Structures are given as C-alpha cells and as structure tokens.
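Asks: Residue numbers (our numbering), protein chains in the order written: chain F, 8 to 167; chain E, 954 to 1617. Ideal Cβ placement from N, Cα and C applies to all residues, glycine included. Values in this document were obtained by computation on a predicted structure and should not be read as measured data.
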Amino acid sequence: MALLPKSPKARRRLYVVAAIAPVLAVAVGLSLYAMRDAVVFFYGPSQAQTQHVPPGRVVRLGGLVEQGSVVRHGDVVTFAVTDKVATTKVTYRGDLPDLFREGQGVVAQGAFDASGAFTATQVLAKHDETYMPREVADALKANGEWRGAGAPKTAYAGVR
Amino acid sequence: MIAELGAFALLLALCLSAAQAGLSAAGRGLNSPLLRGAGEGAAAAAFGAVAIAFAALTVAFVTSDFSVANVAANSHTDKPLLYKVAGVWGSHEGSLLLWCLCLTGFGAAVALLGRGLPAGLKSLTVASQGALGVLFLAFAVFASNPFLRLDPAPLQGRSLNPLLQDPALAFHPPFLYGGYVGFSIVFSFAIAALIEGRVDAAWARWVRPWTLAAWSLLTVGIALGAFWAYYELGWGGWWFWDPVENASFMPWLVGAALLHSAIVTEKRGALPGWTVFLALAAFTFSMLGAFLVRSGVLTSVHAFAVDPARGVLLLGILGVAAGAGFALFAWRAPSFAPGGVFAPVSRESTLVLNNVFLSAATATVLLGTLYPLIVEAVRGDAVSVGAPYFNLTFVPLIAAALVILPAGPLLAWKRGDLKGVLQRLWAAAGLALLASVAAYALYDPKKAFAALGVGLGVWLIAGALVEVAERAKLGRVSGAEAWRRLKGLPRGAWGMTLAHVGLGVFVLGACTETAWKVEAAETLALGQTMRAGAYELKLEQASSVDGPNYLAERGVLVATKGGREVCRPEPERRFYPAGRQTTSEVALCFRGLSDLYVVLGERRATEAGEPAWLVRAYWNPWARLIFLGPLLMAIGGAISLSDRRLRLAAVRKAAPAAKVEAAA
C-alpha cells in the first residue's frame, strides 16, 4: 500500500484496498497451500540413507552415475547414483536424456520404496557439458569428493 | 589485431559512457545546451564504440581466430556460418557484450530520436542510461572481457554447445536481450522523472512506446526460446517453470503491467507513483534474471555459460542500480501530485485490477523461483519448486485477470456502464460457454479445467473482436459506413485487439496441448509399427548421415491415418564429435494447427538380435497456437508502435494529422 500514491480521496483508496486485499489474500493463501506439496527436497545418496526419507514421497536424488552401473532391460534402465560414500540404485522407465553419461552428474526425480530402492519418474538433462547441478556439487563437496578446483568449472577456456 | 581493436573500442565505450553520464547530468544541472548536446553525442559515440567491439568479435568468430580465448571456447571451423555468428552471443562474455550493445543502443536512440522530449527530462534519461552503461561496460572490460588472447593459440576450437546450434536459438538471445535491456531505458526515464519530480501524462506518453518495444521484443524472445525447448530438447514440452524461464517471464509480466498502468497515467493522470515503480521494477527483474541465469545459484536445466564468481559481480551491479533507483523512489515519490479520482466501474479501474492481478502473479512466480534460495539460507535444505506450485498459484491468478480482460476496453473512461458492457459481451460469453461444453464433450479423456481453459481462450478472442465490432458500430450502421469506421480506427486500437486475440490464441493452444497430448514410446525394428493418437507410424528405414560438423543416424518413418499416408517424419539422432555430445533432431509433421512429433532414440537390439530404435511420438493438438499467440501479441505491439500518436519523434502534433488520415 505504501507503494501507491497517497491520495486525499479516501474513497478511491478504499476501492484500491478493496481490490487488492482479496487478490493478495488469495495469492498468499494459494502460495502457502501450494508450497506444502509442491516443494521437492533434494538428497544425495548418503543423506537419503541417514535421514530416512519416507517411502513414496517425491524427492530429487543427485550424484554421479556410477561407472559401469547402467543396465538396460528393454524399456527399463537401472543405474546407480553415488556420492562416493553411499550408492543408491535407481530404476527408470523410458528414454534417458541425450547427455546422460556414466561418471557424470545426474539428478533424478522420483520416490524411494520401502526397500530403499529409488524409482525415477524423471531424469533431468543438463544442456551444458561443463555444468554440474549445484546440489550435486554441494553434495559432493560435503562428502569431500569434489574434484573441481575449488569451484565449479567455468565455461571459459582460459581457466579451464 | 582485430581483437585488440575490439578491446580498445570496448574500453573507449566505457569512457564515453562515463562522459555521457557526467556531461548530461552537468548539462541538466547548469542548464547548458552545449553540455547537454555533448552528453547526447557521447551517448551516440558510446553506441558506435560498442558496435565496433561487437563487429570485431563477430569477425573473430567468422574467421575462426582461435587465438581469442572466447572464440576458441565457443567456435569450431566446421560450424556453419550462422552458428559461427550466433556463437558471438553464445558465451558469458559475448552475451554480456550483446547486453552492452543493446544498452548503449537504447541510450543513443533516445539521444538521437527524442527531439520532442523536454530538455531536462531527456538529459537526465541519457545521464542515467550512461550510468547504467558504466556499470555494465566496466563489468565487461574488467571481469568479462571477450577479447582476451590465448598463447599459444589452439588449432581447433571447442565448438558451441550443439543444442544451441539451432536457428530458433541463434535469434533467441538478440530478441530476449532487446527486451531485457529495452527496459533499461524505461528505468532511466523513471529515474529522470523522479529527479525532475514530475510524472505527468506527457511522461507516460514517452515511456509507453519504449515499454511497448521492449515488451514486444521480449515476447518474441521468450516464444523463440519456448519453441526451441519444444522441438530441440525432444521432450515435447515448451514451458517447465524452470528458474531460467521464470527469470525471463517476470520482466515480461511486469512490462505488461507497466504498459497498462502507463495508459492510466497518460489518459487520466492517475497512478503516477505506481507507474514509476513498475518502470523501475521491470529493469530490476531483467537484472535479476541476468544474475539468476549467469550465476548458477539456482539449479536449472537451461544453465549455459554459468560462472558463480562473476555472478556475484552481477548481483553487485543489480544492488547498486536497483538500490539507487528504489532509494530515489522512496525519497521522491511521496511528493508526486496525487492522480485523478475514478469510479469503481470504469476503464481505469479494470486496468488497476489488471495490475493487481499481474503484480500478484509476478510475486508468486518470484517466490517460487527464489524459494529454494530462501530455504537453503534458513534451513540448509536443498529443495526445488516445480510446476505443481506454479499451476496452483500463478494459473488461477492470471485466469482471473483474463476473465475480466474483455470488459476493460469496452468500458468508458471515468464512469463506465457495466450493464451495457455485459449486454454487448453476451455473444462472446455464449460462444465461450459453448466452446467449453464442446471441449468437455468431444475430447477424450474428459478434463473440466482444460475445457474451462478452452472457453477462456474463446472468451478472450471473441471479446476482443466484439470490441472492434462495437467501435465500427457493426450491424447498427450500413456496411460501407462500418468499413469506413474500421479503416479509421487508430493503429493503436488494432494493436491492442491483436495482442488480446494473441493472448486468447495462446490460452487455447496451451490448454489443449497440455491436457490432451498423447505420448507413445516403443522400440521398433525396421518395418514395425506403433500408434500415437489417431496415427500409425512405421519405421521404414534407418541410415547414417554425415552433417557439416556431426554424424547422424536418421530414421525414416511413414505416418498414416486411417490407412492414408499423411507424412514421412525423418527424425535424427546427432553426434557432435567436437563436444562429444549427442542431440535429438525432432521431426515435426504439421497437421493443421497440431503437430505429430517424432523423436528417434537410442539404437537397441530386439530379442532376436536385430537392430531396433526407441521411437517416441507425441500427438500435440493445437500446439502451433502456443507459438502463434505470442507472435500475434508481438505483431500487435509493433502495429501499436507504428501508430502516429505513439511514434517516437512526433508526439504532440499528431492528433490533427491522424484525423486527416482517417478522413482521407
């Protein structure tokens, strides 16, 4: 309200308040309501094991695709995501993104089942071959497995 | 040599921008036409210098001069010429140079074209634009210089990311930046108005064409980006509520709000403070977008050329520019003369309501985009906010705004006749209801919300057409008279109609495509078939193809509907050796407004050991409308811009001329 010009005409101000207040209330209400369900938490494999993510809850799992772990049976692909401390097995039905490769960072969205296996509904592609999702970089750093020179690599040849 | 010339020109542009800011401000302070003129000259010269730097970098890319680090990192001798040129703005450094080119370009445009502007307002605008130029050019020169040399020079470059080697994406950044940075001049107008302490109808009339130009460019830029995501990424999606997409969408929303509030300020002298606030906010969101995209603080699938260290510098620039702007606003805005009074039922109050909804919608997008940062700062958890949040918050708010939209242009200024307007809109309302019911009845599966969305799209289109018909008094006067009236309508009115129709077209396409698209994926050996919607696809052959800088596997399929062949999609799976990347080249079959969308996946083997390919096919009903709608909006903006009353140089004297034209 302070953003609007001060008018001597209280009536107009009242109209404006009457117009803004319900919209604002609806916006705030919807945001709060939507935030409860729409927020997806991110875990690395070792965090996911220690923090006991409830089965069935939609989360994102990130780390490196373990070398030699990618196995295809028809439409179903299984691979292992690792942060070098713990490893989680991921099952995914469908076509993997073009840039999915062993040894590289990956973010999978899906849910754990009761046995601790992860079923992904979505495997996120990254468009830039030098780009590492920040959560993956942070998770790897937290486990002392970060191999970059202090910071994520830049896309700048002189530095790279 | 050419790189040194470019580096020199860039440094020169920095000095000229500083001169532009200093001379113009001094010219205003001392009221000296000489200093003012010198400031304007410096603005033009700064643009010239950046243009030379930009040309130098382009030459370095076209000639594949790999001794320039930026060229070596982003180009390759085998790349087609278009993508060598597009590589200029494909990197952090190059895109910042493009940003500076637009920034100084808009400054020079105001300096050279703004003849009718009040002298003080013009000088301060040019000075503010110069100050922004100093900030960004200093960043370009000292932290992001595209002309650094490599010694020894490599024999071959690392090439541009293959996903970016695409016509839609080659032109996406220039349009996007034209829009982003176009808001800088609006920002400068706001700063000038705050210093002058005057926001009146004349100021709003000056701001509108610039806002319109920036907003139209941004519309095209976002649509091109969405179209690229649609067919290049091979997921069949066009909007993911990804932070990078939101970063471009927020300035667009604020720009749309500004366009409408500036009309109220121009016609009724009301809302001066709010219009100035939006003018400041639009460029602030542009800078926020640049920071979010370039710094990588938020995880995005579209992150290119990310550099956290320099992202912090961008945050610094954002803080300085926006901080100064809003501090000035807080200091000066309370002294603005309050605007006129208006009745609750009037065109201006629908425009206010439009602004309320657009601002609330922008706020929800901002919250959703920054929420992961907030949570991480407060609790240390890494989270992401996805499409469900935005569907629940943004969509209802914007839908409410769209429901009231057709009534706005029909209401009169000051005191409107709501009953009369509703009577005139009953035909549109009936049509919309009919469309909803038809969509619910005909489409399978039945989706109530999507059917309502279809109705909303029809409501917008029909409502806009009703407004034109009303202006022409169609049906109430003779056909010839109505035609004469239609021809006499100002281009601004046509522009508005087209933009609103475009919005309706977009809503129609977005709802239909999202709700009723059909997805199918199957592993096909040669000769095998699959179904996607009403279509049957048969993999006829697969072959290897050599491209200029890639190797590809091309599948040839035959699509039939009811036994009749309708098209032969030829999707490719390309491998770019330079970056060791694989991309999918989607095949699109245009079926009227809908698309049959075919992607060739990995090669696999059948159980018998024969080669087979994973083929994914989508039936995307009315997907064309999603991109046609924004195009109509941008064309509407361009038509409005060509209106005499808004033309950049002729502001005041235009009214009689327009009448003459109408009579002729």
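Does the beta-carbon distance from L1363 (chain E) to E1301 (chain E) come in below 9 Å?
Replies: In this structure, E1301 (chain E) does not lie closer than 9 Å to L1363 (chain E) by Cβ.
Asks: Closest to T1476 (chain E) by C-alpha separation, out of E:P1196, E:F1295, E:G1554, would be which residue?
Replies: T1476 (chain E) has its Cα closest to that of E:G1554, out of E:P1196, E:F1295, E:G1554.
Asks: Check whether the Cβ atoms of A1453 (chain E) and A1417 (chain E) sit closer than 9 Å, and answer yes or no.
Replies: The sequence given here places His at residue 1453 (chain E); Ala does not occur at that position. Contact flag set, yes.
Asks: Which residues does DSSP list as the beta-bridge partners of M1483 (chain E)?
Replies: Answer by DSSP bridge pairing, in chain order: E:L1490.
Asks: Does R1068 (chain E) come out as helix, strand or coil in the three-state DSSP assignment?
Replies: Coil.
Asks: Is P1225 (chain E) buried or exposed, if buried means 16 or more other CB atoms sit within 10 Å of its CB?
Replies: Classification for P1225 (chain E): buried.
Asks: Based on Cα-Cα distance, which residue from E:V1336, E:V1328, E:T1218 lies nearest to F1295 (chain E)?
Replies: Of the candidates E:V1336, E:V1328, E:T1218, the one whose C-alpha sits nearest the C-alpha of F1295 (chain E) is E:T1218.
Asks: When the Cα atoms are used, what is the spatial distance from F1310 (chain E) to A34 (chain F)?
Replies: Answer to the nearest angstrom: the Cα atoms are 9 Å apart.
Asks: Output needed for L1326 (chain E): all residues of its chain with C-beta closer than 8 Å, excluding positions within five of it in sequence on either side, in chain order.
Replies: Cβ neighbours of L1326 (chain E) beyond the five flanking positions: V1250, L1251.
Asks: With a threshold of 6 Å on Cβ separation, who are the neighbours of L1090 (chain E) within its own chain once the five nearest residues in sequence on each side are excluded?
Replies: Cβ neighbours of L1090 (chain E) beyond the five flanking positions: A966, L967, S970, C1053.
Asks: Sort F:S53, F:R43, F:R79 by Cα distance to A93 (chain F) and report the nearest one.
Replies: Considering only alpha carbons, the answer is F:S53.
Asks: In this structure, does DSSP put R1556 (chain E) in helix, strand or coil?
Replies: Three-state result, R1556 (chain E): strand.
Asks: Does the segment 1384-1397 of chain E come close enough to the segment 1339-1352 of chain E that 3 or more CB-CB pairs lie under 8 Å?
Replies: Touching, no.
Asks: Helix, strand or coil for D1548 (chain E), going by three-state DSSP, please let me know.
Replies: Three-state DSSP puts D1548 (chain E) in a strand.
Asks: With 9 Å set as the bound, which would you pick, yes or no: does the beta-carbon of A93 (chain F) sit closer than that to a beta-carbon of chain E?
Replies: So, not an interface residue.
Asks: Can you tell which of F:A55, F:D82, F:G63, F:T95 has its C-alpha closest to the C-alpha of I73 (chain F)?
Replies: It is worth fixing the name first, because residue 73 (chain F) is Glu in this sequence and not Ile. Selected option, being the one with the closest Cα: F:T95.
Asks: Can you tell me the Cα-Cα spacing of R1068 (chain E) and A1062 (chain E), whole angstroms?
Replies: Taking the straight line joining both Cα atoms gives about 11 Å.
Asks: Does DSSP classify H80 (chain F) as helix, strand or coil?
Replies: Looking at H80 (chain F) - three-state DSSP - the assignment turns out to be strand.
Asks: Just to confirm, are F1019 (chain E) and L1113 (chain E) a CB contact at a threshold of 9 Å?
Replies: Cβ atoms of F1019 (chain E) and L1113 (chain E): not closer than 9 Å.
Asks: Evaluate contact between the segment 1372-1381 of chain E and the segment 75-85 of chain F, counting only Cβ atoms and requiring at least three cross-stretch pairs below 8 Å.
Replies: Segments in contact, no.
Asks: Could you run through the segment 1330-1351 of chain E and flag, in chain order, every residue whose CB is less than 7 Å away from some CB of chain F?
Replies: Of all residues in the segment 1330-1351 of chain E, D1334, A1335, V1336, S1337, V1338, G1339, P1341, Y1342, L1345, T1346, P1349, L1350 have a Cβ within less than 7 Å of some Cβ in chain F.
Asks: What does Q936 (chain E) touch in chain F if you count any residue whose Cβ is under 8 Å from its own?
Replies: Because residue 936 (chain E) is not part of the residues shown, which for chain E are 954 to 1617, the question remains open.
Asks: Along the chain, where does the alpha helix (DSSP H) containing K1440 (chain E) start, and where does it finish?
Replies: First-last of the alpha helix (DSSP H) with K1440 (chain E): 1432-1441.
Asks: Kindly indicate which three-state DSSP category T161 (chain F) falls into: helix, strand or coil?
Replies: Low local confidence applies: a pLDDT of 34 at T161 (chain F) is under 50, so the model's placement there is unreliable, with the coordinate-based value given in what follows. Coil.
Asks: Please report the straight-line C-alpha distance between A1313 (chain E) and Q1082 (chain E), rounded to a whole angstrom.
Replies: Looking at the two C-alpha atoms, the distance is approximately 29 Å.
Asks: With 9 Å as the C-beta to C-beta threshold (strictly closer), list the residues of the segment 74-86 of chain F near chain E in chain order.
Replies: Correct list: R79, G81, D82.
Asks: Could I get the ranges of all uninterrupted beta strand (DSSP E) runs contained in the segment 60-133 of chain F, with 3 residues as the minimum, in chain order?
Replies: With a minimum length of 3 residues, the continuous beta strand (DSSP E) runs that stay inside the segment 60-133 of chain F are 65-72, 78-80, 83-89, 94-100, 112-119, 125-131.
Asks: So which of F:T98, F:M42, F:A118 has the shortest CA-CA distance to H59 (chain F)?
Replies: Cα-wise, what sits closest to H59 (chain F) is F:A118.
Asks: Report the rounded CA-to-CA distance for A1610 (chain E) versus T1513 (chain E), giving the unit in angstroms.
Replies: Model confidence at A1610 (chain E) stands at a pLDDT of 36, short of 50, so the residue's coordinates are unreliable; what they give is reported in the following sentence. For A1610 (chain E) and T1513 (chain E), the distance between alpha carbons rounds to 58 Å.
Asks: Can you list, in chain order, the residues of its chain with a C-beta nearer than 6 Å to that of T1450 (chain E)? Leave out the 5 residues immediately preceding and following it.
Replies: Cβ neighbours of T1450 (chain E) beyond the five flanking positions: A1417, V1421.
Asks: Beta strand (DSSP E) containing N1573 (chain E): first to last residue?
Replies: 1564-1573 is the extent of the beta strand (DSSP E) around N1573 (chain E).
Asks: So with Cβ pairs under 9 Å, would you call L31 (chain F) a contact of chain E?
Replies: Yes, because at least one Cβ of chain E sits closer than 9 Å to the Cβ of L31 (chain F).
Asks: Hey, is the segment 1587-1596 of chain E in contact with the segment 1555-1568 of chain E, meaning 3+ C-beta pairs nearer than 8 Å?
Replies: The segment 1587-1596 of chain E is not in contact with the segment 1555-1568 of chain E.
Asks: For a cutoff of 9 Å on Cβ pairs, would you count S1537 (chain E) as touching chain F?
Replies: Answer yes: the Cβ-Cβ gap between S1537 (chain E) and chain F drops below 9 Å somewhere.
Asks: What are the residues in the segment 1202-1230 of chain E lying within 9 Å of chain F by C-beta distance?
Replies: If the cut-off is 9 Å between Cβ atoms, the segment 1202-1230 of chain E has A1223, L1224, P1225, G1226, W1227, F1230 near chain F.
Asks: If you compare alpha carbons, which of E:K1220, E:R1221, E:L1212 is closest to A1234 (chain E)?
Replies: For the residues E:K1220, E:R1221, E:L1212, the minimum Cα distance to A1234 (chain E) belongs to E:L1212.
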